[in-house]
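S.K.: So that you can map any letter, position 106 of the sequence shown is 124 in this note's numbering, and since no number is skipped, the others follow by simple counting.
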Amino acid sequence: MGAFKTGQRVRRMKGIALAGLALVFLWGTVAGCAQKPAATGQKIPEISEPAVQLTPEEQNTRAFEILEEILQLSDTFYRKENIPQIKVIYREIIETCPDTGVAQESFLRLILLAKEEKTDEGDAAAAQLYREFLERYPDSRLKRIIENELARE
Numbered sequence: 019m020g021a022f023k024t025g026q027r028v029r030r031m032k033g034i035a036l037a038g039l040a041l042v043f044l045w046g047t048v049a050g051c052a053q054k055p056a057a058t059g060q061k062i063p064e065i066s067e068p069a070v071q072l073t074p075e076e077q078n079t080r081a082f083e084i085l086e087e088i089l090q091l092s093d094t095f096y097r098k099e100n101i102p103q104i105k106v107i108y109r110e111i112i113e114t115c116p117d118t119g120v121a122q123e124s125f126l127r128l129i130l131l132a133k134e135e136k137t138d139e140g141d142a143a144a145a146q147l148y149r150e151f152l153e154r155y156p157d158s159r160l161k162r163i164i165e166n167e168l169a170r171e
C-alpha cells in the first residue's frame with residue numbers, strides 16, 4: 019500500500035510541476051514576452067526554418083507539448099545524461115515555435131546549460147546563443163536576465 023501512495027504522490031508532484039511550468043511560460047507570453055523575431059534578412063545557421071509555418075495558437079500548443087518531453091527527461095535520476103537530448107528539444111521549440119515566449123525562454127535555458135559546463139567552449143556557446151537571441155528578439159524582456167546570467171562566473 020505504501021508504494022501505491024508514493025506512486026500517487028510522484029504523479030501528483032509531476033502534475034503540479036508541469037502546471038507551474040505551463041503557468042510561467044503562459045505568463046511570459048501574456049506579459050508581452052512573445053514577439054515576432056526581428057526581420058534581419060539573414061538566416062541563423064544553427065536554426066533552420068520549419069517547412070510549415072504554424073499559427074501563433076498552434077505554436078503555443080506545440081511548444082507546451084514539447085516542454086512536456088523536457089520535463090520528463092529532467093525528472094529522472096539520469097538528468098545529466100539527458101542534457102544533450104534536452105538541448106535538441108529546446109532547439110526544436112526555437113525552430114517550430116519562434117513566435118512564442120517559450121522560444122525565447124528556450125534560448126535562456128540553452129544559455130544556462132552552456133554556462134553550467136564551466137568551460138571555455140561552454141562560455142563560447144553561451145555567447146553565440148546570446149547573439150542569435152538578440153538577432154531574433156532584440157526587444158525581448160528576457161534580454162536583461164540573459165545578460166545577468168552571462169555576467170555570472
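By construction, the Cβ of each residue, glycine as well, lies at the ideal position given by its N, Cα and C atoms.
Since the model is a prediction, treat every value here as computed from it, not as a measurement.
How would you call aspartate 157, buried or exposed, if buried means at least 16 neighbouring beta carbons within 10 angstroms?
M.R.: Locating residue 157 in the sequence shown gives position 139, counting from the first residue. An exposed status is given to aspartate 157, since fewer than 16 other beta-carbon atoms sit within 10 Å of its beta-carbon.
S.K.: Considering aspartate 141, what are the terminal residues of the alpha helix (DSSP H) in which it resides?
M.R.: As a working note, residue 141 is residue 123 in the sequence shown. Aspartate 141 -> alpha helix (DSSP H) spans 138-154.
S.K.: Assess contact between the region 144-161 and the region 92-110, defined as three or more Cβ pairs (one per stretch) separated by less than 8 Å. Is contact present?
M.R.: The region 144-161 vs the region 92-110: no contact.
S.K.: Under the assumption that alanine 121 contacts alanine 132 (Cβ atoms under 8 Å), give the Cβ distance between them as a whole number of angstroms.
M.R.: As a position in the sequence shown, residue 121 is number 103, starting the count at 1. As a position in the sequence shown, residue 132 is number 114, starting the count at 1. Between alanine 132 and alanine 121 the Cβ distance is about 17 Å, and since that is not below 8 Å, they are no contact.
S.K.: Alpha carbon to alpha carbon, what distance is there between threonine 73 and glutamate 99?
M.R.: Taking the first residue of the sequence shown as position 1, residue 99 is located at position 81. Taking the first residue of the sequence shown as position 1, residue 73 is located at position 55. Using only the alpha carbons, I get a separation of about 34 Å.
S.K.: Can isoleucine 129 and isoleucine 111 be called in contact, C-beta distance under 8 Å?
M.R.: Position 111 of the sequence shown holds residue 129. Position 93 of the sequence shown holds residue 111. No, these two residues do not count as a Cβ contact at 8 Å.
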